[in-house]
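See below for the structure under consideration.
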Amino acid sequence: MAAFCASPFPSPTILTLLRATPRPDHRFSYRHSFSPNFRALTDPVLAPSPSPVPLPLPIRRREAALSLSLSLLLFLLDPPAGASSDQTNCTLAVASSGLAFCDTVVGTGPGATKGQLIKAHYVGKLENGKVFDSSYSRGRPLSFRIGVGEVIKGWDQGILGVDGIPPMLVGGKRTLKIPPELGYGARGAGCRGGSCIIPPDSTLLFDIEFIG
Numbered sequence: 001m002a003a004f005c006a007s008p009f010p011s012p013t014i015l016t017l018l019r020a021t022p023r024p025d026h027r028f029s030y031r032h033s034f035s036p037n038f039r040a041l042t043d044p045v046l047a048p049s050p051s052p053v054p055l056p057l058p059i060r061r062r063e064a065a066l067s068l069s070l071s072l073l074l075f076l077l078d079p080p081a082g083a084s085s086d087q088t089n090c091t092l093a094v095a096s097s098g099l100a101f102c103d104t105v106v107g108t109g110p111g112a113t114k115g116q117l118i119k120a121h122y123v124g125k126l127e128n129g130k131v132f133d134s135s136y137s138r139g140r141p142l143s144f145r146i147g148v149g150e151v152i153k154g155w156d157q158g159i160l161g162v163d164g165i166p167p168m169l170v171g172g173k174r175t176l177k178i179p180p181e182l183g184y185g186a187r188g189a190g191c192r193g194g195s196c197i198i199p200p201d202s203t204l205l206f207d208i209e210f211i212g
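Residues 1 to 212 in full-length UniProt numbering are what the sequence shown lists, from first letter to last.
If you want it as structure tokens, here you go:
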């Protein structure tokens, strides 16, 4: 199975853009308190952006901060229909950690196990609804190992299940509302020149589709 590397992945999109973006400068790496896998969340590495609008990767900590071009950003602001067609008005259930979830589609396949390589499509938004990243725009799901710190804690916990939150099953679609301490924390992400793609202490919304 597979599923936030530099995107997780190699694709010219927010997450990826590996081919179009210079290798990350580790002088800009930092630690934060999230990790869609989240042991304690080590922070993402911000890479110099080839465009004036750098976008962080909301997922992988080691490759979590890739940049985006203005055109890609504009495209993300209007994500493909497939990214939102399954969204419904469902009520978020909140765990003791502050992580909230709502299943729009319950999967019928197996759940993931810690350390397993999985793939997932996603759309990441700020609380005001602004999209900052989307795997759909790249046309390729994110691949990463779950539960080992490759993504923010909110992702690891929200997919594997914790504190009353059931694990996601293959084929499922889930909305996660991630508090700052399980996301990018007080540092934010994609920050440069006093501006951040993900501002400090941001609550994040992710629509995740567990591919396998």
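For each residue, glycine too, the CB sits at the ideal point set by N, CA and C. Being a predicted model, the structure only gives us computed values, none of them experimental.
- Message: Taking DSSP's pairing of strands, which residues face residue 100 in a bridge?
- Response: In the sequence shown, the residue the question calls residue 100 occupies position 100. Its beta-bridge partners are 94, 177.
- Does the stretch 163-170 touch the stretch 135-148, meaning 3 or more C-beta pairs lie closer than 8 Å? These segments do not touch.
- Write down the C-beta distance between residue 180 and residue 201 rounded to the nearest angstrom, noting that I regard them as a contact closer than 8 Å. Here the question's residue 180 lines up with position 180 in the sequence shown. Here the question's residue 201 lines up with position 201 in the sequence shown. Residue 180 to residue 201, Cβ: 5 Å. Contact.
- Which whole-angstrom value is the C-beta distance of residue 99 and residue 182, which I expect to be below 8 Å? In the sequence shown, the residue the question calls residue 99 occupies position 99. In the sequence shown, the residue the question calls residue 182 occupies position 182. Residue 99 to residue 182, Cβ: 6 Å. Contact.
- Message: Out of 103, 124, 113, which one is the CA nearest neighbour of residue 173?
- Response: Counting from 1 along the sequence shown, the entry for residue 173 is found at position 173. Ranking the options by Cα distance to residue 173, first place goes to 103.
- Message: By the DSSP assignment, the alpha helix (DSSP H) with residue 160 in it spans what residues?
- Response: As a first step, residue 160 is located in the sequence shown; it is residue number 160 there, counting from the start. Its alpha helix (DSSP H) spans residues 153-160.
- Task: Rank 122, 126, 147, 177 by C-alpha distance to the C-alpha of residue 95 and give the top, closest one.
- Result: If you number the sequence shown from 1, residue 95 lands on position 95. That would be 177, whose Cα lies nearest to the Cα of residue 95.
- Message: So the candidates are 118, 111, 125; which of them puts its Cα closest to the Cα of residue 144?
- Response: Numbered from 1 along the sequence shown, position 144 holds the residue referred to as residue 144. Comparing Cα positions, the closest option is 118.
- Query: What's the C-alpha gap between residue 109 and residue 209?
  - Reply: Residue 109 sits at position 109 when you count from the first residue of the sequence shown. Residue 209 sits at position 209 when you count from the first residue of the sequence shown. Rounded to whole angstroms, the separation of the alpha carbons of residue 209 and residue 109 is 12 Å.
- Which word fits residue 175, buried or exposed, when buried means at least 16 other C-beta atoms lie within 10 angstroms of its C-beta? Residue numbering aside, residue 175 sits at position 175 when the sequence shown is read from its first letter. By the neighbour-count rule (16 or more Cβ atoms within 10 Å), residue 175 is buried.
- Task: Apply the 10 Å Cβ neighbour rule to residue 150 and answer buried if 16 or more other Cβ atoms are within range, or exposed otherwise.
- Result: Position 150 of the sequence shown, counted from the first residue, corresponds to residue 150. Buried, by the Cβ-count rule.
- Message: Is there a C-beta anywhere in chain C that falls below 8 Å from the one on residue 173?
- Response: Of the protein chains in the structure, only one exists, and it is not chain C.
- Message: Helix, strand or coil, according to DSSP, for residue 73 in the structure here?
- Response: If you number the sequence shown from 1, residue 73 lands on position 73. At residue 73 the pLDDT is 43, less than 50, meaning the model places this residue with poor confidence; the figure from the coordinates comes in the next sentence. Of the three classes helix, strand and coil, the one that applies to residue 73 here is helix, per DSSP.
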